[in-house]
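J.: What follows is a structure written as structure tokens; I'll ask about it next.
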Amino acid sequence: MPTITIFKQDLEGLLAAPGEAPQPITMEQLEESLMLVKGELKEQNSDTGELRIELQDSNRPDLWCCEGIARQIRVKRRGALAKYDFLTTRPKSPKQLNVAPGLEKVRPYVAACTATGYRVTQEGLAQLIQTQEKLAEMFGRKRRTVSIGLYRLAAIEFPVTYDLVKPDEVTFTPLGMDTVMTLGEMLLVHPKGLEFGGILAGHDHLPVLRDAKRQVLSFPPIINSREIGEVRVGDDALFIEVTGSDLSMVVLTLNIFAANLADRDAVIEPIEIRYPYKTALGMAIMTPQDLGKSRKLPVSTIEQALGQSLGAQEVAKALTAYGYEVMTKSKNVTVRLPFYRQDLMHAMDVVEDVAISRGYGDFLPVMPSQFTVGGLSRIEEVSDRARTLMVGMGFQEIISNILGSPKDLRDAMRLEGTEWGQLVEVDNVMSQNFSALRQWMLPSLLRVEAASNRAFYPHRIFEAGEVARHDLTQPLGSRTVTVLGGMIAHVDAHFSEAHSCLDTLFYYVSQTYSLEPIQHPSFLAGRVGSIVSEGKQIGVIGELHPEVLERWQISVPAVAFEVDLTELAERS
Amino acid sequence: MNISSLIDSLHPLEVKVLSTFAANPSAILQTEQLAQSTGLEPSQLSMAVEWLLAKSLLAVDTETVTSIVSLTKIGELYFEKYSPIERVLSAARDAAKTGKRLTIQDIQSREGLEPAEVSGAIGRLKKEGALLIIQGGCIESTGRSSQTAEAIRGLLQQLHGTPRGLQAFPEAQRQVIQDHAVKRGNAREPFRIDDRVARALKLSVTGIEAAQQLSRQGTAEEVSQLTPELLKDGSWRAKRFRKYTISLRAPRIAPGKRHPYREFLDAVKTKLVSMGFQEMRGALVETEFWNMDALFMPQFHPARDIHDVYFVKEPTHASSIAEPYLSQVAQAHRNGGGTGSTGWNYPFDAERARRLVLRSQGTAVSAHTLAAQPAVPGKYFSIARCFRYDQVDATHATDFFQVEGIVLGEDINFRTLLGLLNLFAREVAQAKEVKFLPAYFPFTEPSVELHVRHPKLGWMELGGAGLFRPEVTLPLGVTVPVIAWGLGLDRMAMVALGIHDIRELFTDNLDLIRSTRGAY
Numbered sequence: 205m206p207t208i209t210i211f212k213q214d215l216e217g218l219l220a221a222p223g224e225a226p227q228p229i230t231m232e233q234l235e236e237s238l239m240l241v242k243g244e245l246k247e248q249n250s251d252t253g254e255l256r257i258e259l260q261d262s263n264r265p266d267l268w269c270c271e272g273i274a275r276q277i278r279v280k281r282r283g284a285l286a287k288y289d290f291l292t293t294r295p296k297s298p299k300q301l302n303v304a305p306g307l308e309k310v311r312p313y314v315a316a317c318t319a320t321g322y323r324v325t326q327e328g329l330a331q332l333i334q335t336q337e338k339l340a341e342m343f344g345r346k347r348r349t350v351s352i353g354l355y356r357l358a359a360i361e362f363p364v365t366y367d368l369v370k371p372d373e374v375t376f377t378p379l380g381m382d383t384v385m386t387l388g389e390m391l392l393v394h395p396k397g398l399e400f401g402g403i404l405a406g407h408d409h410l411p412v413l414r415d416a417k418r419q420v421l422s423f424p425p426i427i428n429s430r431e432i433g434e435v436r437v438g439d440d441a442l443f444i445e446v447t448g449s450d451l452s453m454v455v456l457t458l459n460i461f462a463a464n465l466a467d468r469d470a471v472i473e474p475i476e477i478r479y480p481y482k483t484a485l486g487m488a489i490m491t492p493q494d495l496g497k498s499r500k501l502p503v504s505t506i507e508q509a510l511g512q513s514l515g516a517q518e519v520a521k522a523l524t525a526y527g528y529e530v531m532t533k534s535k536n537v538t539v540r541l542p543f544y545r546q547d548l549m550h551a552m553d554v555v556e557d558v559a560i561s562r563g564y565g566d567f568l569p570v571m572p573s574q575f576t577v578g579g580l581s582r583i584e585e586v587s588d589r590a591r592t593l594m595v596g597m598g599f600q601e602i603i604s605n606i607l608g609s610p611k612d613l614r615d616a617m618r619l620e621g622t623e624w625g626q627l628v629e630v631d632n633v634m635s636q637n638f639s640a641l642r643q644w645m646l647p648s649l650l651r652v653e654a655a656s657n658r659a660f661y662p663h664r665i666f667e668a669g670e671v672a673r674h675d676l677t678q679p680l681g682s683r684t685v686t687v688l689g690g691m692i693a694h695v696d697a698h699f700s701e702a703h704s705c706l707d708t709l710f711y712y713v714s715q716t717y718s719l720e721p722i723q724h725p726s727f728l729a730g731r732v733g734s735i736v737s738e739g740k741q742i743g744v745i746g747e748l749h750p751e752v753l754e755r756w757q758i759s760v761p762a763v764a765f766e767v768d769l770t771e772l773a774e775r776s
Numbered sequence: 086m087n088i089s090s091l092i093d094s095l096h097p098l099e100v101k102v103l104s105t106f107a108a109n110p111s112a113i114l115q116t117e118q119l120a121q122s123t124g125l126e127p128s129q130l131s132m133a134v135e136w137l138l139a140k141s142l143l144a145v146d147t148e149t150v151t152s153i154v155s156l157t158k159i160g161e162l163y164f165e166k167y168s169p170i171e172r173v174l175s176a177a178r179d180a181a182k183t184g185k186r187l188t189i190q191d192i193q194s195r196e197g198l199e200p201a202e203v204s205g206a207i208g209r210l211k212k213e214g215a216l217l218i219i220q221g222g223c224i225e226s227t228g229r230s231s232q233t234a235e236a237i238r239g240l241l242q243q244l245h246g247t248p249r250g251l252q253a254f255p256e257a258q259r260q261v262i263q264d265h266a267v268k269r270g271n272a273r274e275p276f277r278i279d280d281r282v283a284r285a286l287k288l289s290v291t292g293i294e295a296a297q298q299l300s301r302q303g304t305a306e307e308v309s310q311l312t313p314e315l316l317k318d319g320s321w322r323a324k325r326f327r328k329y330t331i332s333l334r335a336p337r338i339a340p341g342k343r344h345p346y347r348e349f350l351d352a353v354k355t356k357l358v359s360m361g362f363q364e365m366r367g368a369l370v371e372t373e374f375w376n377m378d379a380l381f382m383p384q385f386h387p388a389r390d391i392h393d394v395y396f397v398k399e400p401t402h403a404s405s406i407a408e409p410y411l412s413q414v415a416q417a418h419r420n421g422g423g424t425g426s427t428g429w430n431y432p433f434d435a436e437r438a439r440r441l442v443l444r445s446q447g448t449a450v451s452a453h454t455l456a457a458q459p460a461v462p463g464k465y466f467s468i469a470r471c472f473r474y475d476q477v478d479a480t481h482a483t484d485f486f487q488v489e490g491i492v493l494g495e496d497i498n499f500r501t502l503l504g505l506l507n508l509f510a511r512e513v514a515q516a517k518e519v520k521f522l523p524a525y526f527p528f529t530e531p532s533v534e535l536h537v538r539h540p541k542l543g544w545m546e547l548g549g550a551g552l553f554r555p556e557v558t559l560p561l562g563v564t565v566p567v568i569a570w571g572l573g574l575d576r577m578a579m580v581a582l583g584i585h586d587i588r589e590l591f592t593d594n595l596d597l598i599r600s601t602r603g604a605y
């Protein structure tokens with residue numbers, strides 16, 4: 205979900221047809237129109253006209269720029285998408301870009317075109333750079349699948365070659381540096397080399413773009429040349445290339461750039477890419493290229509999903525006004541996405557576009573009418589019963605994080621190296637405080653006790669909730685269990701006090717139990733018992749060990765118990 | 086204060102003292118007389134008298150000061166073992182009988198007396214002519230008696246155990262007493278003279294009124310506590326119960342009660358059940374398969390990044406994923422399988438599907454339900470704990486509840502989806518105005534964001550929903566349309582609880598938890 209910056213006056217210019225005066229738009233109209241692009245206005249500066257817009261749809265990279273947003277609104281206003289001539293009118297002898305053998309194993313695909321006649325403005329340049337960054341970062345998966353280069357066309361002599369060279373074979377001055385370096389050196393010292401070098405890891409030959417005079421354009425996907433690869437305000441002839449590992453994504457990205465520049469009145473001239481190896485589109489590919497496929501679907505599919513009869517004409521009208529190419533034939537529509545989109549996977553994607561184009565407000569909400577019976581899960585019922593009883597016995601309920609630290613869950617409970625101390629731990633730890641799931645409830649209760657020595661005594665607290673028990677016999681390596689933990693803390697806290705509560709609890713959930721003496725490091729020896737019910741150990745009760753209290757910096761005695769509610773729920 | 090509330094405020098001891106005057110309200114009574122007629126201990130009496138004086142119910146008529154002589158501890162000792170003067174005299178007489186020479190040192194060591202005591206005694210005896218000091222520091226009895234020694238003996242006997250007024254003694258004895266009384270700088274003396282103040286007390290005008298009213302009230306004894314005994318023998322009828330000052334602040338107690346946030350979630354739970362939703366439960370640890378693959382999130386999706394999800398350390402992978410779901414979901418990712426989709430066109434990694442993560446979205450629970458032959462029509466919900474790889478701050482928790490669920494049915498479509506959201510807006514947020522905005526979720530199409538005008542918060546996003554993509558439902562065996570919905574309730578909960586920091590939902594501050602009222 206990228207958030208982009210655009211300028212209102214730039215948007216207004218783009219909303220007008222080529223050669224027309226800008227079309228003013230009020231903020232109200234803008235917010236309404238942003239529904240067409242799943243955009244949300246996050247910030248605005250009415251002095252500068254700067255707008256911060258978040259675009260939700262991660263499958264619509266064409267919308268992550270001012271041109272794309274304007275285009276979607278424009279299409280809706282005019283009812284159909286304008287023609288982009290460069291897709292159909294091809295140059296007789298196109299400029300060429302030759303691909304070297306071996307690149308199929310490194311970074312196989314490239315697409316390119318030129319754009320002339322648009323003089324780059326300050327705002328236009330900012331948009332170009334922002335689009336380049338957002339597309340490479342989010343759509344291109346941090347340049348891995350797609351990266352983009354923009355150049356000053358005047359300095360380039362065709363044909364351009366997409367070459368494969370040894371790391372020390374070629375040198376040039378990269379953007380952001382003022383000395384000549386080899387490709388290998390750039391990987392080692394250039395910030396972009398360090399950031400993106402991993403994409404080329406394991407390759408002893410590296411990709412490079414050079415023109416007919418053998419001057420380097422760039423080292424994709426790392427960095428452009430400082431001489432040719434830095435577009436400036438005032439330039440009016442550009443060369444655009446996209447390289448990557450996925451052919452259709454590479455072509456789509458170039459299509460988006462071509463559409464954006466064409467919308468700014470540039471003339472787009474396609475370039476022929478010549479591969480020494482086979483691709484899904486052949487060995488000579490003209491780019492940009494419309495890769496869209498027609499898709500036929502029954503109007504009834506759309507109507508059913510929307511819950512509204514529209515008829516083929518209305519469907520066609522809505523889709524056309526959203527940029528689609530549509531043909532209707534009796535009860536079917538044949539649709540084709542505009543060339544800057546590739547996100548049609550299922551008929552349901554078309555359904556949503558119909559709804560968005562007509563506006564969600566156009567659909568009258570209807571209540572689902574079929575009868576269903578509601579209810580709680582058994583474990584929730586048992587848990588609620590236990591909670592009610594605990595409240596009745598004067599306990600204050602608490603809620604805690606389930607994610608905690610091994611220090612609290614295990615070490616401070618004196619459970620290192622014991623079966624009770626086994627934890628489900630996190631692999632990619634961000635903070636030790638949140639690196640393991642709690643395996644029992646008592647540390648959660650102690651956390652509150654430790655922070656509450658100023659709260660008047662006695663303290664009677666409980667929590668019913670989930671814990672994760674490490675258990676390698678389980679398919680997931682652990683079991684999620686709902687337990688009840690209760691704790692009493694005050695100067696005279698005594699085993700029998702907790703025992704009475706436990707006894708009462710079992711009476712009212714209609715279960716029997718007995719206490720069997722055990723050794724448990726968290727409790728005082730001789731004052732701890734396993735809660736045994738129907739021959740199973742389903743909990744523990746005892747006076748907390750002074751060393752545990754010390755580690756939690758608790759200065760009054762505490763007595764606690766814990767019962768496995770999942771076990772009780774499964775019985776009844 | 087009027088008389089009757091004044092009487093109500095009286096302590097039982099005060100009542101006793103006042104009642105003594107009841108027979109003769111103008112009587113002037115000595116403290117001793119009061120002690121006798123009330124039968125109170127001196128300390129209790131003096132307390133009651135002081136209180137009554139402070140309340141101006143009692144007044145002092147006259148005050149007389151009497152000097153009382155009593156024996157000190159030393160005095161009692163002298164009574165038992167004789168005083169130094171007696172002992173020195175008797176030692177001198179013994180020596181005279183045996184003809185021994187008696188030095189001052191001899192007396193000191195034989196009698197175990199302090200040098201000051203010995204020299205004091207000798208001085209006095211010599212003055213009275215009962216002793217002579219001869220050459221070589223020896224003393225000799227003259228055979229004469231000592232008035233002082235006799236007077237002291239007499240006084241010790243008279244005062245032993247019974248203090249007496251100083252004025253009762255003749256002048257000569259008074260002199261001896263004063264000479265041998267404890268004074269500053271000389272504590273080792275047999276006698277003590279104390280000034281005792283004797284008060285004659287009488288009732289004030291208000292006191293007379295109070296006493297008369299008390300006597301009218303009868304002699305019913307006042308008690309502070311109703312006891313089983315009083316009830317058993319009916320004697321409570323003859324008692325009066327002391328009235329309490331009920332305006333005092335009540336003592337604090339900490340009641341047993343639910344956590345305010347849990348109370349909020351309980352209300353949501355009840356509301357959903359009342360709307361026909363059945364609760365679902367799931368595990369805290371999930372496979373990437375159920376957490377993401379089954380929801381048609383491609384394995385290269387940015388939200389599946391190492392920086393978005395917590396991975397489990399050990400074991401790293403689940404033992405298996407149930408078939409046929411694994412194969413069917415994998416196929417849907419690769420090329421759509423039989424779902425009518427093109428799929429994502431990438432090599433699905435079945436190993437990755439088994440990778441264990443901490444559940445990052447409640448929708449994982451719904452995915453399990455879809456694969457477990459859910460009821461059609463059916464409505465389900467869960468309030469599931471989820472984990473996100475987020476820096477914790479006032480608006481981001483690493484560990485939080487998600488309220489979400491599904492609705493299955495032949496009649497499910499985009500319009501019934503909007504109808505359901507309308508219902509949520511009304512029932513959960515008490516909102517009458519709603520807005521539906523297009524939204525994006527990887528697993529739904531079409532997708533909607535529900536915005537409502539909350540009575541307190543104004544326009545806010547209440548939740549997101551959509552129709553599950555066929556790529557989600559078909560591989561899991563569900564052929565009817567399914568609504569997937571989720572509600573974002575944390576902001577509402579925070580307003581209900583009056584907090585501004587999401588971390589306080591799970592606070593460790595017992596005082597805060599105890600004092601938060603919650604919403605109901």
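Keeping their order, the protein sequence lines are chains A and B. If you want this note's numbering, it's the position in the first sequence, counting the first as 1, plus 204. If you want this note's numbering, it's the position in the second sequence, counting the first as 1, plus 85. Just so you know, even glycine gets a beta-carbon here, dropped at the ideal spot from N, CA and C.
1) Nearest by alpha-carbon distance to residue 608(A): which of 418(A), 589(A) and 634(A) is it?
2) Which same chain residues, not among the five before or five after residue 538(A), have their C-beta less than 6 Å away from its C-beta?
3) Could you work out which residue in 317(A), 373(A), 376(A) and 388(A) is closest to residue 353(A) when comparing CA atoms only?
4) Should residue 437(A) be flagged as near chain B, meaning a C-beta pair shorter than 8 Å?
5) Determine contact between the segment 154-165 of chain B and the segment 239-246 of chain B, defined as no fewer than three beta-carbon pairs at a distance below 8 Å.
6) Does the segment 410-422 of chain B come close enough to the segment 349-367 of chain B to have 3 or more Cβ pairs within less than 8 Å?
7) Can you tell me which residues form a DSSP beta bridge with residue 157(B)?
8) Buried or exposed for residue 282(B), please, with buried defined as at least 16 other CB atoms from any protein chain shown within 10 angstroms of its CB.
9) Could you give the distance in angstroms between the alpha-carbon of residue 658(A) and the alpha-carbon of residue 368(B)?
10) Can you pull out the residues from the segment 603-633 of chain A whose beta carbon lies closer than 8 Å to at least one beta carbon of chain B?
11) By a C-beta neighbour count over all protein chains shown, 10 Å radius and 16 as the cutoff for buried, is residue 614(A) buried or exposed?
12) If you draw a straight line from the C-alpha of residue 630(A) to the C-alpha of residue 639(A), how long is it?
13) Take residue 127(B) and list the residues in its own chain whose beta-carbon comes closer than 8 Å to its own, dropping the five residues that flank it on each side.
14) Taking the runs of the beta strand (DSSP E) that are 3 residues or longer, which of them lie wholly in the segment 280-309 of chain B?
15) At 9 Å on the CB atoms, spell out the chain A contacts of residue 363(B), in chain order.
16) Please name the residue, chosen from 225(A), 333(A), 243(A) and 685(A), that lies closest to residue 207(A) on a Cα-to-Cα basis.
17) Taking a contact to mean a Cβ-Cβ separation below 8 Å, would you say residue 527(A) touches residue 285(A) in this structure?
18) Spatial neighbours of residue 518(B) within its chain, please: CB distance less than 6 Å, with the 5 preceding and 5 following residues excluded, ordered by chain position.
19) Within 8 Å (strictly less), CB to CB, does residue 385(B) reach chain A?
20) What three-state label does DSSP hand residue 336(A) in the structure shown?
21) Going along chain A in order, which residues have a C-beta closer than 8 Å to the C-beta of residue 474(B)?
22) If I measure Cβ to Cβ from residue 146(A) and keep anything under 6 Å in the same chain, skipping five residues before and after, which residues do I get?
23) Check the Cβ of residue 550(A) against every Cβ in chain E and list those closer than 9 Å, keeping chain order.
T.: Taking the definition as stated:
1) In the first sequence, counting from the first residue as 1, residue 608(A) sits at position 404. The candidate whose alpha carbon is nearest that of residue 608(A) is 634(A).
2) In the first sequence, residue 538(A) corresponds to position 334, counting from 1. Result list for residue 538(A): 498, 500 and 531, in chain order.
3) Your numbering for residue 353(A) matches position 149 in the first sequence. Checked all of 317(A), 373(A), 376(A) and 388(A); the closest Cα to residue 353(A) is 317(A).
4) If you number the first sequence from 1, residue 437(A) lands on position 233. So no, residue 437(A) is outside the interface.
5) yes
6) no
7) Position 72 of the second sequence holds residue 157(B). Paired residue(s): none; residue 157(B) is not in a bridge.
8) As a working note, residue 282(B) is residue 197 in the second sequence. Classification for residue 282(B): exposed.
9) The count along the first sequence starts at 1 and reaches residue 658(A) at position 454. The count along the second sequence starts at 1 and reaches residue 368(B) at position 283. If I take the Cα positions, the gap works out to 37 Å.
10) 603, 604, 605, 606, 607, 628, 629, 630, 631 and 632
11) Translated into positions along the first sequence, residue 614(A) becomes position 410. That one is buried.
12) Here residue 630(A) corresponds to residue number 426 of the first sequence, with the count starting at 1. Here residue 639(A) corresponds to residue number 435 of the first sequence, with the count starting at 1. Each residue's alpha carbon lies about 5 Å from the other.
13) Within the second sequence, the letter at position 42 stands for residue 127(B). For residue 127(B), where only same-chain residues beyond five positions count, the Cβ hits under 8 Å are 120.
14) 306-308
15) To locate residue 363(B), count along the second sequence from 1; it is residue 278. In chain order: 576, 577, 578, 579, 580 and 581.
16) Here residue 207(A) refers to the residue found at position 3 of the first sequence. Nearest of 225(A), 333(A), 243(A) and 685(A) to residue 207(A), Cα basis: 243(A).
17) Here the question's residue 527(A) lines up with position 323 in the first sequence. Here the question's residue 285(A) lines up with position 81 in the first sequence. In contact: residue 527(A) and residue 285(A) (Cβ atoms closer than 8 Å).
18) Your numbering for residue 518(B) matches position 433 in the second sequence. Here the set comprises 538.
19) Numbered from 1 along the second sequence, position 300 holds the residue referred to as residue 385(B). Chain A, which has a Cβ nearer than 8 Å to the Cβ of residue 385(B), makes this yes.
20) Within the first sequence, residue 336(A) is the residue found at index 132, counting from 1. Three-state result, residue 336(A): helix.
21) Mapped onto the second sequence, residue 474(B) falls at position 389. Going along chain A in sequence order, the residues near residue 474(B) (Cβ under 8 Å) are 632 and 634.
22) Chain A is shown only over 205 to 776; residue 146(A) falls outside these bounds and no answer can be derived.
23) The chain labelled as chain E is not found among the protein chains of the depicted structure, namely A and B.
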